[in-house]
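So for the sequence shown, the numbering used here puts the first residue at 306; every next one is plus one.
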Amino acid sequence: MAYKVENYRLVRERFEEKRRRAVSEAELRREELHRLCPEIGVIDAALAKTGMRIFTAACGDEDGSKERIARIRAENEQLLAERQALLAALGYPTDYTDARYECPRCKDSGFVDCRMCECMHKELVLEGFRSSGIGRLIDRQSFDNFSLDYYRTSDEDYARMKVNLEAAIEFSETAPPAYANLLLCGSTGLGKTHLSSAIARRVIERGYDVRYESVQNVLSDFEHDRFRSGYGAEHDARGQVYLDTELLILDDLGTEMTNSFTVSVLYQIFNTRINRGLPTVISTNLTQSELRERYGDRVASRIFGEYRPLLFCGRDVRFQKI
Ligand SMILES: [Zn+2]
Numbered sequence: 306m307a308y309k310v311e312n313y314r315l316v317r318e319r320f321e322e323k324r325r326r327a328v329s330e331a332e333l334r335r336e337e338l339h340r341l342c343p344e345i346g347v348i349d350a351a352l353a354k355t356g357m358r359i360f361t362a363a364c365g366d367e368d369g370s371k372e373r374i375a376r377i378r379a380e381n382e383q384l385l386a387e388r389q390a391l392l393a394a395l396g397y398p399t400d401y402t403d404a405r406y407e408c409p410r411c412k413d414s415g416f417v418d419c420r421m422c423e424c425m426h427k428e429l430v431l432e433g434f435r436s437s438g439i440g441r442l443i444d445r446q447s448f449d450n451f452s453l454d455y456y457r458t459s460d461e462d463y464a465r466m467k468v469n470l471e472a473a474i475e476f477s478e479t480a481p482p483a484y485a486n487l488l489l490c491g492s493t494g495l496g497k498t499h500l501s502s503a504i505a506r507r508v509i510e511r512g513y514d515v516r517y518e519s520v521q522n523v524l525s526d527f528e529h530d531r532f533r534s535g536y537g538a539e540h541d542a543r544g545q546v547y548l549d550t551e552l553l554i555l556d557d558l559g560t561e562m563t564n565s566f567t568v569s570v571l572y573q574i575f576n577t578r579i580n581r582g583l584p585t586v587i588s589t590n591l592t593q594s595e596l597r598e599r600y601g602d603r604v605a606s607r608i609f610g611e612y613r614p615l616l617f618c619g620r621d622v623r624f625q626k627i
């Protein structure tokens, strides 16, 4: 899924703000420390000149520069040791004036080596949930408010939906990292989206990377990649995320236009994720025979062999809520 421009802007601003805050709070602690212990202030001022001193030392003759640089480094180590001893004498930790970032990996910049950090990705996923249609659902739809009362149409329906709920909860507590797959099948309005949202929400809360997307949008991303190939596509491949994400939730399989390209993309997604042991949840209105008919034996056998089917039954919940 391509991040919404608006969400991306919002999250970037949020990251810039928390990074700025971490740096300015560290600066305040440093100033306070210098007032308390001017000797540390003198050391910090000397350490701050290191870069310029090394630069100057490197500009001279080559043999002499190595020696000068080594001397500067040794002096620095000495200064750092003195600084640590002074901090310890004051009862302060050695990292007292370091910026305290929420994410030490990316230092709240959202990027590590030009790649997006997991923390920013999660924030974007959450922002995506919040701002999209599914976002409002994820706010409202959790395991806590999934009511089995709507399925009292028969004892059999109730028992089956109870098993589905328990299976979805168990899945959301274990996969990932455990490998498991669910196939939520049944007509519209029987709670598949509610349980999918609840799974996404719980797995995100557990700190895993989740992609929740309609099959139609996933295929659009692969389509985008296909037409971009040869134009630096590896830097802008949108489809890769569906192969890499720790949990993929594919909504509404069977509502897309099906052709040989879409079937091969779906096979690639299912097969790659199975081979890599990455869990996937699929929801569909199609029956087992319709799945086989539409996608062929190759795709169907990957699904039937690897996914636990949960059959949703009862009467359309939306009508019962009116
Ligand atoms: Zn990070």
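Beta carbons are placed, not taken as given, at the ideal position from N, Cα and C, and that holds for glycine.
These numbers were taken from a predicted model, which means no experiment stands behind them.
Under three-state DSSP, which class holds residue i?
| i | result |
| --- | --- |
| N590 | coil |
| C343 | Per the sequence shown, residue 343 should be read as Pro rather than Cys. Residue state, collapsed to three classes: helix. |
| R405 | coil |
| G438 | At G438 the pLDDT is 48, less than 50, meaning the model places this residue with poor confidence; the figure from the coordinates comes in the next sentence. Looking at G438 - three-state DSSP - the assignment turns out to be helix. |
| E471 | helix |
| E321 | helix |
| T479 | helix |
| E561 | coil |
| L315 | helix |
| N522 | helix |
| D454 | helix |
| R358 | helix |
| F527 | helix |
| G610 | helix |
| A375 | helix |
| A538 | Because A538 carries a pLDDT of 48, less than 50, the predicted location of this residue cannot be relied on, and no value is offered for it. |
| F566 | helix |
| R599 | helix |
| L333 | helix |
| R543 | coil |
| C463 | What sits at residue 463 in the sequence shown is Tyr, not Cys. In the structure shown, Y463 sits in a helix (DSSP, three-state: H, G or I). |
| Y572 | helix |
| R410 | coil |
| S447 | coil |
| G369 | helix |
| D349 | helix |
Give the DSSP bridge partners of residue i, in chain order.
| i | result |
| --- | --- |
| T585 | N486 and L553 |
| L301 | This structure cannot settle anything about residue 301, because the visible part of the chain is limited to 306 through 627. |
| T517 | Thr is not the amino acid found at residue 517; the sequence shown has Tyr there. According to DSSP, which records beta bridges pairwise, Y517 is partnered with I554. |
| M421 | F416 |
For residue i, does the count of other Cβ atoms within 10 angstroms reach 16, so buried, or fall short, so exposed?
| i | result |
| --- | --- |
| C364 | exposed |
| S502 | buried |
| L596 | buried |
| K467 | exposed |
| K371 | exposed |
| S519 | buried |
| Q446 | buried |
| E432 | buried |
| R324 | buried |
| P398 | exposed |
| L385 | exposed |
Quick one: does residue i have its CB under 9 Å from some CB of chain C?
| i | result |
| --- | --- |
| N381 | The structure shown contains no chain C, having only a single protein chain. |
Discussion item. Three Cβ pairs or more, each shorter than 8 Å: is that satisfied between the stretch 578-587 and the stretch 549-563?
Written reply: Counting C-beta pairs with one atom in each stretch, the stretch 578-587 and the stretch 549-563 have three or more that are closer than 8 Å, which means they touch.
Item to complete: Collect the residues with a C-beta less than 5 Å away from any heavy atom of ligand 1 and give them in sequence order along the chain.
Response: C408, R410, C411, C422 and C424
Discussion item. Taking contact to mean 3 or more Cβ pairs, one atom from each stretch, closer than 8 Å, check whether the stretch 420-437 and the stretch 506-521 are in contact.
Written reply: yes
Worksheet item: Any chance the stretch 598-613 sits against the stretch 486-496, with 3 or more Cβ pairs inside 8 Å?
Response: yes
Practice prompt. Please confirm if the stretch 612-621 is in contact with the stretch 468-485, defined as three or more CB-CB distances below 8 Å between the two stretches.
Written response: yes
Discussion item. Count Cβ pairs between the stretch 559-576 and the stretch 467-481 that sit closer than 8 Å; are there 3 or more?
Written reply: no
Worksheet item: Counting Cβ pairs, one atom from each stretch, are 3 or more of them under 8 Å apart for the stretch 402-409 and the stretch 310-330?
Response: yes
Discussion item. Taking contact to mean 3 or more Cβ pairs, one atom from each stretch, closer than 8 Å, check whether the stretch 377-390 and the stretch 347-361 are in contact.
Written reply: yes
Worksheet item: Just checking, does the stretch 330-345 make contact with the stretch 384-402 on the three C-beta pairs under 8 Å criterion?
Response: yes
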